[in-house]
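In order, the protein sequences belong to chains A and B. UniProt numbering puts the first sequence at residues 1 to 212. UniProt numbering puts the second sequence at residues 1 to 184. First the structure, in the form of structure tokens, and then the observations on it.
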Amino acid sequence: MTAAPPPADPTTPASAFGVSDAELAALQARLADRAEADGLLDIAYRTIDSPIGPLLLAATEHGVLRVAFAGEGFDTVLQRLADRVSARILATPARTDPVARQLDEYFTGRRRSFDVRLDRRLSAGFRAAVQGLLPGVEYGRTVSYAELAARAGNPKAVRAVGTACATNPLPIVVPCHRVLRADGSLGGYLGGPDTKRYLLDLERTATAEEPR
Amino acid sequence: MTPTPRGAPPFDEIVRRHGATVLRVCRAVLGPGPDADDAWSETFLSALRVWPAPVDNVEAWLVRIAHRKAIDVIRGRERRAVPTAEPAPSEARPAVDPAADATDEVWAAVADLPERQRLAVAYHWFGGLPHTETAELTGSTPAAVRRAAADGLATLRRVLAVHPTSDDPGAAQSPSSRRTGAHP
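As structure tokens, then:
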């Protein structure tokens with residue numbers, strides 16, 4: 001995500017006509033504000049640092065649309081959003097500030113559930129139904145894929161529940177990491193098994209420290 | 001919010017990829033400062049309005065938009081200008097703030113070019129437009145644009161040789177080093 005280098009010319013130093021990254025960043029921020037004010041900004045995104053690495057947060061005017069792990073490739077994620085939702089995408093913290101703040105609180109153990117509007121248009125059908133059940137799994141607790149299938153009203157759809165969790169466009173905020181295999185082993189996770197373990201440990205520790 | 005044709009890049013990528021080029025074009029035409037910044041913003045805002053646009057060469061498309069926005073800015077200036085008894089200068093030169101820092105010294109050299117040369121340098125050399133298109137935008141001929149671009153670049157090379165710049169772009173930000181030095 002770096003700016004393209006200035007055009008090279010062998011005889012006149014291009015650096016002499018350099019425009020600084022700071023100047024461009026200021027112009028880009030102003031552009032995003034104008035685009036928002038004019039109703040032209042369909043998707044606002046930003047990246048944040050977290051204990052599990054950088055996260056990309058994207059939001060439409062309806063709410064948080066996507067949370068992505070660095071391993072997914074942020075440029076790939078943005079291109080998919082352009083293909084599926086809109087290419088009018090700009091980097092600006094405006095719309096994702098609340099979820100960024102709540103994620104920070106979550107990672108420091110001060111937050112147990114998220115209170116932000118979600119734009120769920122990236123999910124449909126049975127997957128959307130399963131993902132809709134995930135916030136009902138309590139902080140610090142886990143369920144099995146089979147149990148979640150039963151809750152979704154289709155006990156045999158264990159594999160489909162797995163797919164629903166694996167394709168959750170809003171990980172962490174919609175807590176698919178709380179779903180494990182029936183034998184208690186981790187199962188898959190888009191952010192990788194280490195990330196899943198980290199989140200479960202974080203919640204277990206915070207729950208254990210809770211005054212009774 | 002209609003789904004876009006597959007493969008159209010996120011607009012953010014367009015800004016990151018071409019933002020510097022468009023700013024160079026705007027600065028060459030208008031001089032560095034708020035006018036160039038405004039033209040830059042208006043250019044990308046117009047482009048965003050119709051994005052994803054079915055264009056083969058996004059950069060050339062943006063440069064053409066920037067040209068129109070720069071003309072708007074110049075017209076705005078003329079409307080605001082206070083009429084005086086003095087004859088108008090034959091060529092509109094971009095305003096360069098004399099108090100600007102040394103980063104703008106090279107831009108001042110661009111601003112000092114005659115208008116034909118300056119626009120040829122802006123659209124062809126910075127913006128990458130072919131001579132034919134630059135000629136169309138500036139109401140000239142391809143041959144004249146080619147000559148103007150070459151003359152403009154030659155002048156800039158001469159001026160920049162008096163003010164040698166290191167490979168480090170940050171060096172352009174230290175005014176004293178250059179102001180105290182090599183003026184003949």
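The beta-carbon is built from N, C-alpha and C at its ideal position, and this holds for glycine as well.
Using 8 Å for Cβ pairs, my map puts residue 222/A next to R101/A. What's the rounded Cβ distance? Look at the range of chain A in this structure, 1 to 212, and you will see that residue 222/A is not part of it.
Residue nearest to N57/B in terms of C-alpha spacing, selected from R17/B, A143/B, A120/B and V121/B: As a working note, residue 57/B is residue 57 in the second sequence. Among R17/B, A143/B, A120/B and V121/B, the Cα nearest to that of N57/B belongs to R17/B.
With DSSP collapsed to three states, give me the class of G63/A. Here residue 63/A corresponds to residue number 63 of the first sequence, with the count starting at 1. Of the three classes helix, strand and coil, the one that applies to G63/A here is strand, per DSSP.
Three-way DSSP call (helix, strand, coil) for V145/B in this model: Looking up residue 145/B in the second sequence gives position 145. In this structure, V145/B counts as helix in the three-state DSSP scheme.
Can you give me the Cβ contacts of residue 266/A inside the same chain, cut-off strictly under 7 Å, excluding the 5 residues immediately before and after it? No statement about residue 266/A is possible, as the shown extent of chain A runs from 1 to 212 and does not include it.
For S46/B, go through chain A and note every residue whose CB falls closer than 7 Å to its CB, in chain order. As a first step, residue 46/B must be located in the second sequence, where it is residue number 46. Ordered by position in chain A, no residue passes the 7 Å Cβ test against S46/B, which lies about 10 Å from the chain.
Assigned secondary structure, L199/A (DSSP; H/G/I helix, E/B strand, else coil): Within the first sequence, residue 199/A is the residue found at index 199, counting from 1. L199/A: helix per DSSP, three-state reduction.
Using a Cβ-Cβ cut-off of less than 8 Å, give me the residues of the segment 70-81 of chain A that come near chain B, in sequence order. D75, L78, Q79 and L81
Check whether A152/A and L190/A have beta carbons under 9 Å apart: Against the first sequence, residue 152/A aligns to sequence position 152. Against the first sequence, residue 190/A aligns to sequence position 190. Taking C-beta atoms as the reference points, A152/A and L190/A fail to come closer than 9 Å.
DSSP three-state call for Y145/A: helix, strand or coil? Residue mapping note: residue 145/A aligns to position 145 of the first sequence, counting from 1. Reduced to three states, the DSSP call for Y145/A is helix.
Who are F69/A's beta bridge partners in DSSP? Here the question's residue 69/A lines up with position 69 in the first sequence. DSSP output for F69/A lists L55/A as bridge partner(s).
Taking a Cβ distance cut-off of 9 Å, strictly less, list which residues of the segment 56-79 of chain B are near chain A, in chain order. none
Mind the definition here: the segment 194-212 of chain A touches the segment 172-179 of chain A only if three or more C-beta pairs lie below 8 Å; say whether that holds. Touching, yes.
Whole angstroms is fine: what's the gap from L30/B's alpha carbon to I74/B's? For the purposes of this step, residue 30/B is taken as the residue at position 30 of the second sequence. For the purposes of this step, residue 74/B is taken as the residue at position 74 of the second sequence. Going from the Cα of L30/B to the Cα of I74/B covers about 8 Å.
So which of D151/B, T43/B and E133/B has the shortest CA-CA distance to L31/A? The sequence position of residue 31/A within the first sequence is 31, counting from 1. It is T43/B.
Anything in chain B within Cβ reach of I89/A, meaning under 7 Å, just list it in chain order. Position 89 of the first sequence holds residue 89/A. By Cβ distance, chain B contributes P10, F11 and D12.
Any idea what DSSP makes of V179/A, helix, strand or coil? Position 179 of the first sequence, counting from 1, holds the residue named residue 179/A. DSSP places V179/A in the strand class (E or B) of the three-state scheme.
Quick one: does P54/B have its CB under 9 Å from some CB of chain A? On the second sequence, residue 54/B is found 54 positions in, with the first residue counted as 1. Not closer than 9 Å to any Cβ of chain A, the Cβ of P54/B fails to qualify, so no.
Evaluate G127/B with the Cβ neighbour count: other Cβ atoms within 10 Å of its Cβ, from every protein chain shown; 16 or more gives buried, anything less gives exposed. In the second sequence, counting from the first residue as 1, residue 127/B sits at position 127. Buried: at least 16 other Cβ atoms inside 10 Å.
Beta-carbon within less than 6 Å of A59/A's beta-carbon, same chain only, minus the 5 sequence neighbours each way: which residues are those? By one-based count along the first sequence, residue 59/A stands at place 59. So the qualifying residues of the chain are A44, L65, R95 and T96.
Return the CA-CA distance between T21/B and D194/A, expressed in angstroms with no decimal places. Here residue 21/B refers to the residue found at position 21 when the second sequence is read from its first residue. Here residue 194/A refers to the residue found at position 194 when the first sequence is read from its first residue. Cα to Cα, T21/B sits roughly 42 Å from D194/A.
With 16 other CB atoms within 10 Å as the buried threshold, where does V15/B fall? Start at 1 with the first residue of the second sequence, and residue 15/B comes out as number 15. By the neighbour-count rule (16 or more Cβ atoms within 10 Å), V15/B is buried.
Three or more C-beta pairs closer than 8 Å, one from the segment 65-79 of chain A and one from the segment 20-28 of chain A: is that the case here? no
Which of helix, strand or coil DSSP assigns to R110/A: Reading the first sequence from its first residue, position 110 is the one you call residue 110/A. R110/A: coil per DSSP, three-state reduction.
If contacts are defined as beta-carbon pairs under 8 Å, then A37/A and F11/B qualify, I think. What distance do you get, rounded to the angstrom? Position 37 of the first sequence holds residue 37/A. Position 11 of the second sequence holds residue 11/B. Actually they do not touch by this definition, with Cβ atoms about 16 Å apart.
Distance between P9/B and R112/A (C-alpha atoms, nearest Å): Here residue 112/A corresponds to residue number 112 of the first sequence, with the count starting at 1. Here residue 9/B corresponds to residue number 9 of the second sequence, with the count starting at 1. About 36 Å.
Short Cβ contact (9 Å threshold) for A122/B with A28/B: Your numbering for residue 122/B matches position 122 in the second sequence. Your numbering for residue 28/B matches position 28 in the second sequence. Contact: yes.
Nearest chain B C-beta to D97/A closer than 9 Å, yes or no? Here the question's residue 97/A lines up with position 97 in the first sequence. It does not; no Cβ of chain B falls within 9 Å.
Rounded straight-line distance, which links the Cα of A208/A to that of A146/A: Indexing the first sequence from 1 puts residue 146/A at position 146. Indexing the first sequence from 1 puts residue 208/A at position 208. Straight-line Cα distance between these residues: approximately 26 Å.
For A120/B and V145/B, which I take to be in contact (beta-carbon distance under 8 Å), what is that distance rounded to the nearest angstrom? As a working note, residue 120/B is residue 120 in the second sequence. As a working note, residue 145/B is residue 145 in the second sequence. With 8 Å as the limit, A120/B and V145/B qualify as a contact, their Cβ atoms being about 5 Å apart.
Please report whether the beta-carbon of V15/B lies at a distance below 9 Å from any beta-carbon of chain A. Position 15 of the second sequence, counted from the first residue, corresponds to residue 15/B. Chain A, which has a Cβ nearer than 9 Å to the Cβ of V15/B, makes this yes.
Continuous beta strand (DSSP E) stretch holding L90/A: start and end: Locating residue 90/A in the first sequence gives position 90, where the first residue counts as 1. Note, L90/A: beta strand (DSSP E), I89 to A91.
Backbone CA spacing between R46/A and F17/A [nearest angstrom]: The residue given as residue 46/A occupies position 46 in the first sequence. The residue given as residue 17/A occupies position 17 in the first sequence. Answer to the nearest angstrom: the Cα atoms are 29 Å apart.
Inter-residue Cα distance where the pair is I71/B and Q79/A: What you label residue 71/B is simply residue 71 of the second sequence in a count that begins at 1. What you label residue 79/A is simply residue 79 of the first sequence in a count that begins at 1. Answer to the nearest angstrom: the Cα atoms are 34 Å apart.
Would you mind telling me which residues of chain A sit closer than 9 Å to L23/B, beta carbon to beta carbon, in chain order? The count along the second sequence starts at 1 and reaches residue 23/B at position 23. Within chain A, the residues placing a beta-carbon under 9 Å from that of L23/B are V19, E23, L24 and L27, ordered along the chain.
A88/B, DSSP secondary structure in three states: Sequence index remark: in the second sequence, residue 88/B carries index 88 (1-based). Low confidence applies to A88/B: its pLDDT is 43, below 50, so where it sits in the model is not reliable, and the reading given next is rough at best. A88/B: coil per DSSP, three-state reduction.
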